[in-house]
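Each residue of the sequence shown is one higher than the one before, counting from 1 in the working numbering.
Don't be surprised by glycine CBs; every beta carbon is placed ideally from N, CA and C.
Presented below is the structure to which this report refers.
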Amino acid sequence: MMLLVTEPDHDELSRIAGLSGLESDLLRGPGITRWLDRRARTLGLDPKSHRAMLMESEAERRILSEQVAVPESWIGRYPVSFDLLHERATAAKSQSGIFRVLSLGCAAGQEPFTAAACILDAGVDVNRIEVVAVDRSQSAIEMGMTGILPSMAVRGELPVCMRKRVEQSGRQWKVADEIRALVRFVEADVVSEPLPIAPGSCDIVFCRNVLIYLESDARDRLCRRASSYLRKDGVLFAGHADPRHDLLQTLTSIGRPGAFAWSRRGEPTTRTPIAVTPPTASRPFPNRTLRRPAPEIAPSEVSIAPSLASSAEVDRIRRIADRGRLPEARELAEGLLVTHPADPAVILILASIESADGRVEAARDHLRRALYLKPDDFSALLQMAVLCESEGELDVAARFRRRLDRLGSDGELEE
Ligand SMILES: C[S@@+](CC[C@H](N)C(=O)[O-])C[C@H]1O[C@@H](n2cnc3c(N)ncnc32)[C@H](O)[C@@H]1O
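Here it is in structure tokens:
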């Protein structure tokens with residue numbers, strides 16, 4: 001049965017996006033339009049009154065935001081960041097004072113629980129560990145407080161520090177009480193609401209995969225805010241697909257490959273060695289090649305009509321990348337992403353650049369985002385299949401290949 005949906009007025013959506021601090025392109029397209037229609041019907045409202053409600057009600061905007069910025073994460077995501085956290089905690093274990101971690105956009109706690117376990121494993125006294133985890137999703141915060149995480153919270157092999165601290169309970173995962181007790185959950189908007197953290201008091205701030213959803217003012221505010229919580233020698237971890245351009249306004253990259261680690265502007269970064277820690281038995285995270293295949297993420301139904309970059313510009317970047325000038329190509333593509341954050345072509349070229357540079361997780365994040373924006377994008381599905389095959393994740397690759405097979409020769413989904 002064909003469902004008739006009311007196409008919302010774009011200016012109105014932009015205003016709602018602005019009030020929510022969301023990138024406005026993320027509110028366009030059939031998927032989110034269908035959700036808005038369903039939501040209005042559930043509330044017994046006509047679409048116009050529902051949009052008026054969205055303009056008025058912060059709580060309703062949060063529910064909308066959860067459709068866009070999904071509280072999805074997993075234990076030990078980006079292992080290299082946790083290697084660096086382990087080093088920092090080891091160096092701090094004989095000092096006095098609190099070792100404080102802040103996780104901004106913590107989902108259901110997958111990231112802060114891993115951080116707590118990692119610091120505990122490094123030998124920091126339990127009374128000196130404080131982990132504050134903030135998210136605006138009420139359901140995610142409630143889940144985190146119970147310590148019962150969804151099945152997708154574990155993907156592949158568990159990091160060493162969590163192996164004895166999380167156990168399967170049916171389709172869910174239960175985090176050990178000793179870890180749960182170390183994490184304080186706070187439901188708040190990390191861009192606009194006050195947080196119970198003193199400026200300059202955090203050894204580590206995680207701000208991963210939140211900036212990607214925000215409009216430019218909100219990104220700017222969050223970067224400034226996140227860096228203001230760091231101690232002078234603190235480290236901020238970003239996500240692999242988070243916009244470097246915005247981070248660079250207030251922070252300096254530490255230069256540790258794969259860690260996406262940043263320090264406060266103007267602070268010396270030499271304390272952290274550049275070389276990647278060689279894998280050893282005591283290393284908190286196993287070598288990536290030992291991983292079991294990561295399960296595929298269900299594609300979102302959202303597909304949007306973004307503002308598109310010129311194809312000539314994307315082609316120029318592709319040619320530069322093809323000549324092997326990857327840093328230059330990356331910088332140009334990241335610049336283009338600032339003005340066209342939801343253009344699949346720009347996201348895909350970045351994925352290709354990261355892939356060519358061996359930065360598999362960064363490439364994977366870009367491909368996920370491209371598929372979130374356009375679930376039936378032929379090129380994104382193909383790149384994802386090839387990437388999974390090259391990583392030995394054959395089951396996952398086969399699922400992407402099946403999705404490709406369902407696309408007609410013109411790249412449209414067959415009925
Ligand atoms: C994709 S998840 C990332 C989780 C985790 N940081 C990671 O990288 O695995 C994004 C999270 O950010 C949260 N989020 C997005 N915008 C936010 C805001 N303005 N304030 C607080 N949380 C926000 C979402 O609710 C979601 O849980």
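Nearest-angstrom Cα separation, counted from Ala312 out to Glu187: If I take the Cα positions, the gap works out to 44 Å.
Pair within 7 Å by beta-carbon distance, Leu102 and Ile197: With contacts defined by Cβ atoms closer than 7 Å, Leu102 and Ile197 form a contacting pair.
According to DSSP, residues forming a beta bridge with Ile204: Bridge partners of Ile204: Val101 and Val235.
Where the alpha helix (DSSP H) through Trp74 begins and ends: For Trp74, there is no enclosing alpha helix (DSSP H), as DSSP marks it with neither H nor E.
Contact the region 162-169 vs the region 82-94: 3+ CB pairs below 8 Å: The answer is no - the region 82-94 does not touch the region 162-169, with fewer than three Cβ pairs under 8 Å.
Straight-line Cα distance separating Ala153 from Asp37: Computed Cα separation, rounded: 30 Å.
Cβ-Cβ separation, Arg136 to Ser201 (assumed contact under 8 Å), whole Å: That pair is no contact at about 22 Å.
Arg100 beta carbon near ligand 1 (any heavy atom closer than 6 Å): Every heavy atom of ligand 1 is 6 Å or more from the Cβ of Arg100, so no.
Alpha carbon of Arg417 to alpha carbon of Arg100, nearest angstrom: Since the first residue shown for the chain is 1 and the last is 415, residue 417 is missing from the structure and cannot be characterised.
Alpha helix (DSSP H) runs contained entirely in the region 374-404, provided each spans 4 or more residues: Within the region 374-404, complete alpha helix (DSSP H) segments of at least 4 residues are found at 378-390, given in chain order.
Sequence-distant residues of the same chain with beta carbon closer than 7 Å to Ala107, five excluded per side: Cβ neighbours of Ala107 beyond the five flanking positions: Pro71, Glu72, Ser73, Asp135 and Ala140.
Gln172 and Ile204 closer than 7 Å at C-beta: Taking a C-beta distance under 7 Å as the contact criterion, Gln172 and Ile204 do not qualify as a contact pair.
Proximity below 7 Å, CB of Phe185 to CB of Phe206: Cβ distance not < 7 Å, so Phe185 and Phe206 don't count as in contact.
Every unbroken alpha helix (DSSP H) within the region 312-382, with a cutoff of 4 residues, ordered by chain: The DSSP assignment places complete alpha helix (DSSP H) segments of no fewer than 4 residues inside the region 312-382 at 326-339, 344-356 and 360-373, in order along the chain.
Continuous alpha helix (DSSP H) stretch holding Gln138: start and end: Taken as a continuous stretch (DSSP letters only), the alpha helix (DSSP H) holding Gln138 covers Gln138 to Thr146.
Neighbour-count burial assignment, Val126, 16 or more Cβ in a 10 Å radius: By the 10 Å Cβ count, Val126 comes out exposed.
7 Å CB neighbourhood of Arg318 in its chain, flanking five on each side removed: By the criterion of a C-beta distance shorter than 7 Å, Arg318 is surrounded in its chain by Ile349, once the five residues flanking it on both sides are discounted.
Supposed close pair Arg352, Ala321 - CB separation, criterion 8 Å: According to the sequence as given, residue 352 is Ser; it is not Arg. Contact flag correct, Cβ pair sits at about 7 Å.
Reduced DSSP category for Glu193 - H, G, I as helix; E, B as strand; rest coil: DSSP places Glu193 in coil when its eight states are reduced to three.
Rounded straight-line distance, which links the Cα of Val235 to that of Phe82: If you take the alpha carbons of Phe82 and Val235, they lie about 11 Å apart.
Same chain only: Cβ atoms within 6 Å of Leu3, ignoring 5 sequence neighbours per side: Because the pLDDT of Leu3 is 46, which lies under 50, any placement of that residue in the model is unreliable, and the question is left without a value.
Nearest-angstrom beta carbon gap, Leu158 and Gly29 [assumed within contact, 8 Å]: About 36 Å separates the Cβ atoms of Gly29 and Leu158, ruling out a contact at the 8 Å cut-off.
Cβ separation of Gly21 and Glu215, assumed to be a contact under 8 Å, to the nearest whole Å: The Cβ separation is near 6 Å, so the contact holds.
Boundaries (first-last residue) of the beta strand (DSSP E) holding Ala261: It spans Ala261 to Arg264 - the beta strand (DSSP E) in which Ala261 sits, taken as one unbroken run.
Beta carbon of Arg51 nearer than 7 Å to that of Glu111: Judged by their CB atoms, Arg51 and Glu111 are not nearer to each other than the 7 Å cut-off.
For Phe185, the residue or residues it bridges with in DSSP: Per DSSP, Ala133.
As assigned by DSSP and simplified to three states, the class of Val160: Val160 falls in the helix class under three-state DSSP.
Proximity of Asp357 and Leu332 at Cβ, strictly below 7 Å: No, Cβ-Cβ distance for Asp357 and Leu332 is not below 7 Å.
Cβ distance (whole Å) where Ala241 is taken to contact Arg369 below 8 Å: The beta carbons of Ala241 and Arg369 sit about 6 Å from each other, so the pair counts as a contact at 8 Å.
Which of helix, strand or coil DSSP assigns to Val210: For Val210, the secondary structure class from DSSP, reduced to helix, strand or coil, is coil.
Member of His340, Trp35, Thr114 and Ser96 whose CA lies at the smallest distance from the CA of Ala176: It is Thr114.
Closest Cα partner of Arg231 within the set Ser49, Leu251 and Leu247: Nearest C-alpha to Arg231 among Ser49, Leu251 and Leu247: Leu251.
Host beta strand (DSSP E) of Lys174 (start-end): Per DSSP, Lys174 belongs to the beta strand (DSSP E) from Gln172 to Val175.
Residue of Ala362, Ala69, Val131 and Ile347 minimising C-alpha distance to Ala380: Among Ala362, Ala69, Val131 and Ile347, the Cα nearest to that of Ala380 is on Ile347.
For Gln110, the first and last residue of its enclosing beta strand (DSSP E): Secondary structure note for Gln110: it is in no beta strand (DSSP E), and the uninterrupted alpha helix (DSSP H) holding it is Gln110 to Asp121.
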